Each structure stands twice: as C-alpha cells, then as structure tokens.
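**Student:** This is the structure I want to talk about, given as structure tokens.
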Amino acid sequence: MQITSVALLLASFASALPTTSLEITNIARSIVARAPPEAKANLKSVASSGTGCASNSAAFVIKDDAVLGFDSLVVDSTLPAVIKKCLVTIDLQVDPKWKYTINKVSQIRGYIDNASGSFKAIYTVNGTTSEVSTDIKSSSTSDGNFSIRLEQNGATSEYGGGISTIDISLALLRDTTRDGSVAVDSLDIGFGYSK
C-alpha cells in the first residue's frame, strides 16, 4: 500500500516537470543547422512544459522558420480550465560576434467553434521581450478555421546568444449562453541570425 502511494506521488511529480521531446530537440537542431557556419550555433538545451503542451505535446516541424505544433492547446467551455499555457525554453549559444532574433513574424493557425478566445505569445531573450496577442472570434471565419499573421520587432539576443523562452497562452472568453471551443494547432515563428 505504501509502495503504491509512493509510486503515484513520484509519477505525479515527474509529470509536472519540464520534459524534452525528440521533435523539439530535432527542430532546435534544425534552427542551429540554418545558422551561417561562422555563427557557430550551439544548442545547449531545449524543454517545454505547461497545460497547453501536456506530456510535452508541443512539437516542432522543420520548415524555413520554426513551426511549433500543438495537440493539446485547446480551451473548451465544457471543461473547468478556460486557459491553457505552454512554455518552451531554448538555450542557444552563438559566436560572440553573432546574435539571433525571434518573433519578427508569428502566424497562428487553428479552429474555433461558437466561441471567442484570446491568444498571446511572449518571446524573451536575455531580458529582451517581444509580445504578440490577438483576439480570435467565430464571426471572423466561415468554416471555423483561422490563420492570423502578427508582426513585431522581435526579441534579439545579446552577442553570443543565450536562453530564449516562448510563453504561450490561449484563453477562452466565456459566453454563458452556449458551449464553444478554440484550438491552436500551430505557431510559425520567424527566426534569424545577424552580426
């Protein structure tokens, strides 16, 4: 009986810790591979955690820019949680003469049904922050699918790179007269290197 209780306690503790999936590691490596060779990009670590990427379900897809895909960034009026969050942390070091920028352009895609939602992504690199946010409304789409492009100055690392975080949140704006849901399937992230 005590062994079962300890095992359950350890399992619940382990599930609350940030984890790293193979997909996240692979895209982070692809981000490094797209860097100019003279930038000497070195990925030290990558992790994700949160209610919107449970069991590290936030996965990257390799394209020209980084595409972050989700399978659990969904808010639904029939569920108790009306806000989901996902935090992705990347430690990327580059040559001392180089720096990197994230979030000049963000493109979010997903599905909405009888609801309104609010999306926000805060990109932080070495204390520099770049934020994008938007409201998502059922009335703005005829088939429920949405794609929203957001532009920003981006967050640029110091020379030599450093740790960056992407803090993502999706909130359902409650309507007590009907059930509804909002899901974000993917987030395209503009990513670049410069001297």
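Going by mature numbering (1 follows the signal peptide of the UniProt record, and there is no 0), the letters in the sequence shown line up with residues -16 to -1, 1 to 179, in that order. Positions of the beta carbon are idealized from the N, C-alpha and C atoms, including for glycine. Model, not experiment: these values are computed from the prediction.
(1) For chain B, is any of its Cβ atoms less than 8 Å away from the one on Y143?
(2) Under 8 Å: do the region 134 to 153 and the region 71 to 87 share three or more Cβ pairs, one atom per stretch?
(3) For the beta strand (DSSP E) that contains F175, what are its first and last residues?
(4) What whole-angstrom Cβ distance do S126 and S100 have, given they're in contact under 8 Å?
(5) Quick check on G94: does DSSP put it in helix, strand or coil?
(6) Under the assumption that V109 contacts S148 (Cβ atoms under 8 Å), give the Cβ distance between them as a whole number of angstroms.
(7) Given this structure, state the Cα-to-Cα distance separating G53 from K68, to the nearest angstrom.
(8) So for R133, helix, strand or coil by DSSP?
(9) Which residues share a DSSP beta bridge with A155?
(10) Should the region 156 to 168 be regarded as contacting the region 111 to 118, the criterion being three or more beta carbon pairs within less than 8 Å?
(11) On a CA-only basis, which of N26, R93, I74, K81 is nearest D55? Give me that one, please.
(12) By how many angstroms is the C-alpha of G144 removed from the C-alpha of S29?
(13) If you measure between the beta carbons of S102 and L27, is that distance less than 8 Å?
**Tutor:** The short version:
(1) Among the protein chains of the structure shown there is no chain B, as only one such chain exists.
(2) yes
(3) Numbered from 1 along the sequence shown, position 191 holds the residue referred to as residue 175. Where F175 is concerned, the enclosing beta strand (DSSP E) stretches over 165 to 178.
(4) Reading the sequence shown from its first residue, position 142 is the one you call residue 126. Reading the sequence shown from its first residue, position 116 is the one you call residue 100. With a Cβ gap of about 16 Å, S126 and S100 do not count as contacting.
(5) Residue numbering aside, residue 94 sits at position 110 when the sequence shown is read from its first letter. Reduced to three states, the DSSP call for G94 is strand.
(6) On the sequence shown, residue 109 is found 125 positions in, with the first residue counted as 1. On the sequence shown, residue 148 is found 164 positions in, with the first residue counted as 1. Yes, V109 and S148 are in contact; Cβ-Cβ is about 4 Å, under 8 Å.
(7) The residue you call residue 53 lines up with position 69 of the sequence shown. The residue you call residue 68 lines up with position 84 of the sequence shown. Spanning the two alpha carbons is a distance of roughly 15 Å.
(8) The sequence position of residue 133 within the sequence shown is 149, counting from 1. Three-state DSSP puts R133 in a strand.
(9) Along the sequence shown, read from residue 1 onward, the residue named residue 155 stands at position 171. Answer is I67, S102.
(10) no
(11) In the sequence shown, counting from the first residue as 1, residue 55 sits at position 71. Of the candidates N26, R93, I74, K81, the one whose C-alpha sits nearest the C-alpha of D55 is R93.
(12) The count along the sequence shown starts at 1 and reaches residue 29 at position 45. The count along the sequence shown starts at 1 and reaches residue 144 at position 160. One C-alpha to the other measures close to 15 Å.
(13) Start at 1 with the first residue of the sequence shown, and residue 102 comes out as number 118. Start at 1 with the first residue of the sequence shown, and residue 27 comes out as number 43. Taking 8 Å as the Cβ cut-off, S102 and L27 do not qualify as a contacting pair.
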